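S.K.: Just dropping this structure here.
Residue numbers (our numbering), protein chains in the order written: chain E, 82 to 379; chain U, 195 to 616.
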């Protein structure tokens, strides 16, 4: 059973086609990275999965059920636009939203205490949301997305505004949920997070999914075509017809090779130019590179 | 249904727990009641001490009847006035007056009454505190009665005969009901106008409360989290019903306090012998019920419109600019209601009171003036009900689109286009 199935989903606003024939299957128990430039149609796609928006065409299933008002309870959602009733108390707002997702108020209260403890908010539980810092509000909102133990969690930029300690806690909770069988959709612009956590990705650009599948397979399909070189000396050896793109890093460069090029040629050229090399490694391209490659193409 | 109940509960508790609601609901009517009671108490307040009075009679005839008339009693049964001394035709008026003034200042007496030789001249009451209306009222009455009685007997008429001749008639107002009976028509035009103002204010106030509540969820970006848990339609209905419940609470409290005020007010007034003034205001239960039904029908109609406006805007300024759309029909009711008031059965009045946007105010007004034929009330209710369903349906469509739209305020044309979105 797939956690999410999108078939040929299309959505337009007046003259703009926000999502154009997107197909996607998300395996249950996986973490999917939903990627794409700003305005690519990610939020529209998420809102259609949430049944907040209705697609013009195509079909959407969540855990094998066509989306409807009841499938909402199967999903935990952290929207990109954050906000909760500012004048409600932290604990009350968590219980209210948990109850809306089907928990009894006692059960919601019990879990609220646990979560507030775990995220270090216990002493704030009686305070109004408006009295909390942005990061703390973010954590409260994260609690409201996961408190009802939904089999599917959609998190839109869950780490923005969190310090490294809190970000690590949230990451740990996400991995825990995956271990218990939940499926997580993670929409983010932070590629290193995706590389570290996601099993598969879906890259949307201009309303279409331009790339989707298991992250490992995608990277392998690109092959080891990227040279990571750290060196001291002149850069002249890099002006080689085999290198089609150079990304400068702090301590070296990432050079993308023409298909079929021989990396040994580059190494030879470097030695002849008397460059002192400290690292020379043939790699798969980084997700960042893949992202830029696929979204700037034509 | 469970989710709807949760939304209603939160909305209701959020409303009734605010300071504004508590002040508006409990404290304001309490202050009103307290004010009325205070005025009644002050007007009705009886002095607690007997007034020691000296009468100086330059006429030689009036002192005796005035003394006779000053028979009012204090609450403890003691007489209100004691005549310490009566001086008839004082030999040297100035000396007497000087002496009396010094007796007042040394608190041996409280006041003296100066009766002029010619009763067409002014009588004078000299006292330390001339603002004591509780004493002046009965004294002035006693003097008037003595003088009038004297004038009448000069003409050979007895005062009691005059009272009998001048006794007023009682004009009873009766209303012919549709069942063909004449029933006492208690409520006055005053009640009708008060009803119009109350309905107008309440519809406007609760409509705007609903609008602001929707707007708050949008501006604080709480909306998207909410609609990840409930459908926009449930959210809209929950909000409207939650505010309605708060409105109902407020009305119930007001009604009970008004009933108490009337009961106590009537009792207090009856104690003053002016019971008829207040007990004449009689509000029939049927009017309260009809007005209540029309109010809630109107509330659902208007609050759905206000909610749609709130959902389409992203900030207070935009909402204020757009709220005239929902306000206009209500304001029109206030402009036109005098037409209905002057002639509730004219064709114009009947037609206006059938139009769903006006019927909550204008049909209630007609019912308060003269019960219209049943079919007119039923038709108005049916039209109101259908329009309300339509209004909620259309609002839900606009709401569903609007709650996720931020930025530039949509035009009315755009909002109409949203109605066609799936």
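We put the CB at the ideal spot given by N, CA and C, even for glycine.
Since the structure is predicted, the reported quantities are computational estimates derived from the model, not experimental observations.
Going along the region 185 to 205 of chain E in order, which residues come within less than 7 Å of chain U, judged by CB to CB distance?
M.R.: none
S.K.: At what residues does the alpha helix (DSSP H) containing residue 173 of chain E begin and finish?
M.R.: 171 to 181
S.K.: For the structure I just gave you, are there three or more beta carbon pairs, one from the region 585 to 593 of chain U and one from the region 502 to 519 of chain U, closer than 8 Å?
M.R.: yes
S.K.: Leaving aside the five residues before and after residue 269 of chain E along the sequence, list all residues of the same chain whose C-beta is less than 6 Å from its C-beta, in chain order.
M.R.: 238
S.K.: My output table needs one value for residue 273 of chain U: the three-state DSSP class, helix, strand or coil.
M.R.: Judged by DSSP in its simplified three-state form, residue 273 of chain U adopts strand.
S.K.: Starting from residue 198 of chain E, trace the beta strand (DSSP E) in both directions and tell me its first and last residue.
M.R.: Premise fails: residue 198 of chain E lies in the alpha helix (DSSP H), 186 to 199, not in any beta strand (DSSP E).
S.K.: Below 8 Å between beta carbons: does that hold for residue 272 of chain E and residue 369 of chain E?
M.R.: yes
S.K.: Of the residues U/357, U/320, U/362, U/312, which one's Cα is nearest the Cα of residue 142 of chain U?
M.R.: Outside the modelled stretch of chain U, which goes from 195 to 616, sits residue 142 of chain U, for which no answer is possible.
S.K.: Output, in chain order, the set of chain U residues within a Cβ distance shorter than 7 Å of residue 162 of chain E.
M.R.: 415, 418
S.K.: What first and last residue would you give for the beta strand (DSSP E) that runs through residue 82 of chain E?
M.R.: From DSSP, residue 82 of chain E is part of no beta strand (DSSP E); its letter is neither H nor E.
S.K.: With DSSP collapsed to three states, give me the class of residue 328 of chain E.
M.R.: strand
S.K.: Identify whether residue 444 of chain U lies in helix, strand or coil by the three-state DSSP scheme.
M.R.: helix
S.K.: In terms of DSSP beta bridges, what is residue 373 of chain E paired with?
M.R.: In DSSP, residue 373 of chain E forms no bridge with anything.
S.K.: Rounded to whole angstroms, what's the CA-CA distance from residue 154 of chain E to residue 579 of chain U? Just pull it up for me.
M.R.: 33 Å
S.K.: Given that residue 421 of chain U touches chain E, what residues does it touch there, using C-beta distances under 8 Å?
M.R.: 131, 133
S.K.: 8 Å is my cut-off, CB to CB: does residue 474 of chain U come that close to chain E?
M.R.: No answer about residue 474 of chain U holds up, because its pLDDT of 49 lies below 50 and its placement is not dependable.
S.K.: Any C-beta of chain U sitting closer than 8 Å to the C-beta of residue 156 of chain E?
M.R.: yes
S.K.: Whole angstroms are fine: how far does the CA of residue 320 of chain U sit from the CA of residue 153 of chain U?
M.R.: Since the first and last residues shown for chain U are 195 and 616, residue 153 of chain U lies out of range.
S.K.: What did DSSP end up calling residue 248 of chain U once you bin it into helix, strand or coil?
M.R.: If DSSP states are grouped into helix, strand and coil, residue 248 of chain U belongs with the strands.
S.K.: Kindly indicate which three-state DSSP category residue 274 of chain E falls into: helix, strand or coil?
M.R.: helix
S.K.: Per the contact definition of three or more C-beta pairs closer than 8 Å, is the region 281 to 299 of chain E in contact with the region 110 to 117 of chain E?
M.R.: yes
S.K.: Using a Cβ-Cβ cutoff of less than 8 Å, which residues in the same chain neighbour residue 613 of chain U once the five nearest sequence positions on both sides are dropped?
M.R.: 588, 591, 592
S.K.: Roughly how many angstroms separate the alpha carbons of residue 389 of chain U and residue 558 of chain U, rounded to a whole number?
M.R.: Our two residues, residue 389 of chain U and residue 558 of chain U, have alpha carbons roughly 8 Å apart in a direct line.
S.K.: According to the neighbour-count rule (16 or more other Cβ atoms, all chains shown, within 10 Å of its Cβ), is residue 500 of chain U buried or exposed?
M.R.: Label assigned to residue 500 of chain U: buried.
S.K.: Count the other C-beta atoms from every protein chain shown that fall within 10 angstroms of the C-beta of residue 472 of chain U, then say buried if there are 16 or more, exposed otherwise.
M.R.: Note on residue 472 of chain U: pLDDT 48, under 50, position unreliable in the model; the coordinate value appears next. With a threshold of 16 other beta carbon atoms within 10 Å, residue 472 of chain U meets it and is buried.
S.K.: Applying the 10 Å Cβ sphere with the 16-neighbour rule, what's the burial state of residue 353 of chain E?
M.R.: exposed
S.K.: On the three-state DSSP scale, how would you describe residue 261 of chain E?
M.R.: coil
S.K.: Pull out every residue of the region 424 to 446 of chain U whose Cβ sits closer than 7 Å to any Cβ of chain E, in chain order.
M.R.: 424, 425
S.K.: If you measure beta-carbon to beta-carbon, which residues of the region 224 to 244 of chain E are closer than 7 Å to chain U?
M.R.: Only those residues of the region 224 to 244 of chain E whose C-beta falls short of 7 Å from the nearest C-beta of chain U are listed: 225.
S.K.: Can you pull the chain U residues whose beta carbon is under 7 Å from the beta carbon of residue 180 of chain E, in chain order?
M.R.: 200
S.K.: Taking only the alpha-carbon atoms, compute the straight-line gap between residue 355 of chain U and residue 224 of chain U and give it to the nearest angstrom.
M.R.: Cα to Cα, residue 355 of chain U sits roughly 47 Å from residue 224 of chain U.
S.K.: Closest to residue 492 of chain U by CA distance: which of U/551, U/309, U/526, U/443 is it?
M.R.: Nearest of U/551, U/309, U/526, U/443 to residue 492 of chain U, Cα basis: U/551.
S.K.: Can you check which of these residues, E/263, E/304, E/348, is closest to residue 110 of chain E by C-alpha distance?
M.R.: Residue 110 of chain E has its Cα closest to that of E/263, out of E/263, E/304, E/348.
S.K.: So is residue 166 of chain E in contact with chain U if we call contact Cβ pairs under 8 Å?
M.R.: yes
S.K.: Given a cut-off of 8 Å, decide if residue 156 of chain E and residue 171 of chain E are closer than it, judged by their beta-carbon atoms.
M.R.: no
S.K.: Report the option in U/347, U/202, U/266, U/222 whose CA atom is closest to the CA atom of residue 177 of chain E.
M.R.: U/202
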